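In my numbering, the protein residues as written are 5 to 192.
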């Protein structure tokens, strides 16, 4: 069985590739830029052209998906990657199982603001998951990282990038937190 990992950050790529190794014999990483060392058997490297946004890479990722024919797709849950996951799932005639926290007995995720747990299993031939940080603790990534440059597939209706400014990061990374405590309206 083959697994496809789609991530935009190196630490997420490493963790998802380690988890994919527990689910499949062959791991293919879709990387936007430099890939971390020794995490996958194959790295499909996509260079986003100047003036394009990462969301426009969906058609290129779909071309990698069609070439590799994976049974499992693990996606980092960022805004850009969720957009790509949705388009990929629509292409594969399946749906995305979102915010998976573990895979014991099925894909487990929280809903109703974390009050309840939902366990889902993919119904089709391909399973597409967005996976949160910490879902594969203890798993080790491995692979030869054979890099293959993927030709950019221009989307039919590209997003027009007018301007872009980097966001200054401050505070902690909530994606890596075990527990997030918040107070306010809506909690029962």
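All residues carry an ideal CB built from backbone N, CA and C; glycine is no exception.
Owing to the predicted nature of the structure, the values given are computational and were not obtained by experimental measurement.
Next item on the list: Pull up the distance between the alpha-carbon of residue 163 and that of residue 57, whole angstroms please.
Entry: 7 Å
Note to self: Is it the case that the region 90-98 contacts the region 18-34, given that we only count it when at least three CB pairs across the two stretches are under 8 Å?
What the structure shows: no
Item checked: CA nearest to the CA of residue 67, picked from 177, 132 and 159 -> 159
Item checked: Contacting residues, own chain, Cβ-Cβ under 6 Å from residue 35 (five flanking each side not counted) -> 47 and 49
Margin query: Using only CA atoms, which one of 153, 10 and 132 lies nearest to residue 33?
Written below: Residue 10 is the option with its Cα nearest to residue 33.
Checklist line | Cβ neighbour criterion (16 or more within 10 Å) applied to residue 42 | finding: exposed
Item checked: Three-state secondary structure (DSSP) of residue 50 -> strand
Next item on the list: Would you kindly report the start and end of the unbroken beta strand (DSSP E) that includes residue 82?
Entry: Here residue 82 belongs to no beta strand (DSSP E), and DSSP marks it neither H nor E.
Check: Going by C-alpha distance, which of 136, 108 and 116 is nearest residue 179?
Finding: 136
Item checked: Neighbour-count burial assignment, residue 18, 16 or more Cβ in a 10 Å radius -> buried
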